[in-house]
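Trainee: Protein chains in written order, with full-length UniProt numbering: chain A, 1 to 333; chain B, 1 to 333. Where is the CB? At the ideal position from N, CA and C, for every residue including glycine. All figures in this text were calculated on a predicted structure; none of them were measured in a lab. This is the structure I want to talk about, given as structure tokens.
Shown next as structure tokens:
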């Protein structure tokens, strides 16, 4: 079980920049691991922004409202923030998502944090981007169970949503529509990033940001091949690999493509903030990070990690927990 | 339907104090309504604090965590904040509370805002104080459906809760217990107050804080007798009155006392923030404030208000919306 202190959402940017600046003066001696550091990339403050959905403050503000808006669920009490709960690492910390009428889905809720960096959305990659993702859970029978037309009608009853959609999409005659709903939510989600983790500070030159065990874990992570799939700024290649974790019968990407070659395949999950987004695996059946590391070694790398290696890699993974994004709970109409 | 702009939680205290100070210089001429103003009391920043549960920052911080903690529900996804949603006036804006497995209760969710000022909790007053109230919804089958012992065991698994309970209740050997759970949540709730509404500023001497229609509404509110029950700082006497609103068969306080005299009786609800805590009445069947005013005139005062009077009283009631409390969504373990 992972424990961490009550933290206030962000506001640490100044302090962190200062320590990064100090580190950049080169006060710390080299630790001889430059060839390992070169394999990684720090997390940018923003993910790539698609040309067809420019990131504007009007869309982000509207998306923030919609993300917390339970009236776009048929029960009127479930919002995006119910399962992507900002108090719980923007996920839900239960094995499998629980939605409309208490129905329990087949898969573990992925965090929204840094999801703009993913090359495919959902465990099975059935949507390429956040715009495509956003409308899925609203309509899914076991999640928000809502007809999109009804959702849009409900929003249209509020003058404030008429205003905010018009401001966010000034060229549209009827801005309250499916596409704009998706674009606004996706825009808000693209602001939910967690830069300046200890590991990012380390990559940027603060060589004291990781202790020796965490550095040993980084070395083991590279040398054992974890980095083959968990690479890039979000620690995922966004590709699909077959894996059947204990207790799972989920066929994964096969459901999307119908291609036998995709049987049991799932998209590599991000490891950013993995220390605060337990439980793990597509079915959420793995409670601890140590267990998850052991399973991945066994299933994906055909290795039995010894306890010391598991402890080192786990310590390293905890350094990927960044600053939680600043946000406001909106006052909804 | 009530509409209002997206507002950031509070941070207006300085600006408001300034305008109050300016008003206090007496720049505004008297409006001749001093004898009406004298019938009201502005909302204090804090409600009465019970001697047996002193308000400490440690209890408030712990209570803040627990208020947003879904692991004290049996599904693991429902917290106090689900129905008492800070985005929705700390209520849910649906007719009747929807809880565990989508079950719908018999009554409308009362707001937590200013609930420390109430002399009795729940629509039927079955608990005298917030400490008694706090444990009810956690255990109710149709709300969080949780066994308290299991809830406490879950909390006890997190080192951070062991620490925070010990800090909040330093004299207890085993601080993670029912009583302290209730005391912490109640302490947090006592901080959720909404001072400095336009009407409070008006009462404190800023005679321009209400426009003429709102002042006419105040006069009508007094002259028609609404103030007989809706009085004191929270606009409630916390007494019980028989009422059967359209569509309700709820016997109210009779269920608590078994006394025939309590049949259909409900506690006078607060009118603070009534503009943002729709829908109305014990069964939530009344959508607009205008309708609610008309029903109350008819049922409680035996009067048919004309449209102008309804409009005036409604305008007045909207001036009871105060500054939403500052709070942080906690980072839970």
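Could you tell me which chain A residues have their CB closer than 7 angstroms to the CB of residue 75 of chain B, listed as they occur along the chain?
Mentor: Within 7 angstroms Cβ-Cβ: 98 and 102.
Trainee: When the Cα atoms are used, what is the spatial distance from residue 317 of chain B to residue 242 of chain B?
Mentor: 23 angstroms
Trainee: Can you find a C-beta in chain A that's less than 8 angstroms from the C-beta of residue 331 of chain B?
Mentor: yes
Trainee: Give the single residue among B:157, B:288 and B:186 whose Cα lies nearest to the Cα of residue 168 of chain B.
Mentor: B:186
Trainee: Checking contacts by CB at 8 angstroms: is residue 314 of chain B closer than that to chain A?
Mentor: no
Trainee: With a threshold of 8 angstroms between beta-carbons, can residue 2 of chain A be considered close to chain B, or not?
Mentor: With a pLDDT of 41 at residue 2 of chain A, under the threshold of 50, the modelled position of that residue is not reliable, and the figure given next carries that caveat. True, the Cβ-Cβ gap to chain B drops below 8 angstroms.
Trainee: Establish whether the CB of residue 68 of chain A and some CB of chain B are separated by less than 8 angstroms.
Mentor: yes
Trainee: Output the distance between the C-alpha atoms of residue 84 of chain B and residue 30 of chain A, rounded to the nearest integer angstrom.
Mentor: 53 angstroms
Trainee: Can you give me, in chain order, the residues of the UniProt domain "Cytochrome c" (212-321) of chain B that have a beta carbon less than 9 angstroms from any beta carbon in chain A?
Mentor: 276
Trainee: Taking one C-beta from the stretch 131-148 of chain A and one from the stretch 164-183 of chain A each time, how about it: are there three or more such pairs within less than 8 angstroms?
Mentor: yes
Trainee: Taking the alpha helix (DSSP H) that residue 57 of chain B falls in, what are its first and last residues?
Mentor: 57-67
Trainee: Given that a residue counts as buried once 16 or more other Cβ atoms are within 10 Å of its Cβ, and exposed if not, what is residue 173 of chain A?
Mentor: exposed
Trainee: Would you report the Cα separation of residue 45 of chain B and residue 320 of chain A, rounded to the nearest angstrom?
Mentor: 41 angstroms
Trainee: Could you tell me which residues DSSP puts in a beta bridge with residue 265 of chain B?
Mentor: B:242 and B:252
Trainee: Within 10 angstroms of the Cβ of residue 93 of chain A, are there 16 or more other Cβ atoms? Answer buried if so, exposed if not.
Mentor: buried
Trainee: Less than 8 angstroms between CB atoms is the rule here; does residue 137 of chain B satisfy it with respect to chain A?
Mentor: no
Trainee: Would you kindly work out how many angstroms separate the C-alpha atoms of residue 140 of chain B and residue 78 of chain A, rounded to a whole number?
Mentor: When rounded, the separation of the alpha-carbon atoms in residue 140 of chain B and residue 78 of chain A is 19 angstroms.
Trainee: Classify residue 139 of chain A as helix, strand or coil using the three-state DSSP reduction.
Mentor: helix
Trainee: Please confirm whether residue 327 of chain B and residue 110 of chain B have their CB atoms less than 8 angstroms apart.
Mentor: no
Trainee: Note down, in chain order, every chain D residue with its Cβ under 9 angstroms from the Cβ of residue 94 of chain A.
Mentor: Although the question refers to chain D, the structure presented lacks it and instead comprises the protein chains A and B.
Trainee: Taking 8 angstroms as the cut-off, decide whether the C-beta atoms of residue 303 of chain B and residue 196 of chain B are in contact.
Mentor: no
Trainee: For the stretch 192-206 of chain A against the stretch 39-58 of chain A, are there 3 or more C-beta pairs whose distance is under 8 angstroms?
Mentor: yes
Trainee: Grouping DSSP H, G and I as helix and E and B as strand, with all else coil, what is residue 127 of chain B?
Mentor: Strand, per DSSP.
Trainee: Distance, Cα to Cα, residue 37 of chain A vs residue 162 of chain B?
Mentor: Taking the straight line from one Cα to the other gives about 38 angstroms.
Trainee: Give the residues of chain A in contact with residue 88 of chain B, contact being defined as C-beta atoms less than 7 angstroms apart.
Mentor: 332
Trainee: So with Cβ pairs under 8 angstroms, would you call residue 324 of chain B a contact of chain A?
Mentor: yes
Trainee: Give a yes or no on whether the minimum CB-CB distance between residue 191 of chain A and chain B is below 8 angstroms.
Mentor: At a cut-off of 8 angstroms between C-beta atoms, residue 191 of chain A does not count as an interface residue with respect to chain B.
Trainee: Note the first and the last residue of the continuous alpha helix (DSSP H) segment covering residue 168 of chain A.
Mentor: 159-168
Trainee: List the residues of chain A that residue 82 of chain B touches, going by C-beta distances under 8 angstroms, in chain order.
Mentor: In chain order: 77 and 82.
Trainee: Can you tell which of B:144, B:89, B:211 and B:166 has the C-alpha that lies nearest to the C-alpha of residue 101 of chain B?
Mentor: B:144
Trainee: Tell whether a beta-carbon distance below 8 angstroms holds between residue 190 of chain B and residue 47 of chain B.
Mentor: yes
Trainee: Using a threshold of 8 angstroms, state whether the C-beta atoms of residue 315 of chain A and residue 214 of chain A are closer than that.
Mentor: yes
Trainee: At the level of alpha carbons, what is the spacing between residue 274 of chain B and residue 268 of chain A?
Mentor: 49 angstroms
Trainee: Quick check on this structure: which residue in B:311, B:97, B:60 and B:323 has the alpha carbon closest to the alpha carbon of residue 142 of chain B?
Mentor: B:97
Trainee: May I have the straight-line CA-CA distance separating residue 106 of chain B from residue 323 of chain A, to the nearest angstrom?
Mentor: Straight through space, the alpha carbons of residue 323 of chain A and residue 106 of chain B are spaced by roughly 42 angstroms.
Trainee: Given that a residue counts as buried once 16 or more other Cβ atoms are within 10 Å of its Cβ, and exposed if not, what is residue 164 of chain A?
Mentor: buried
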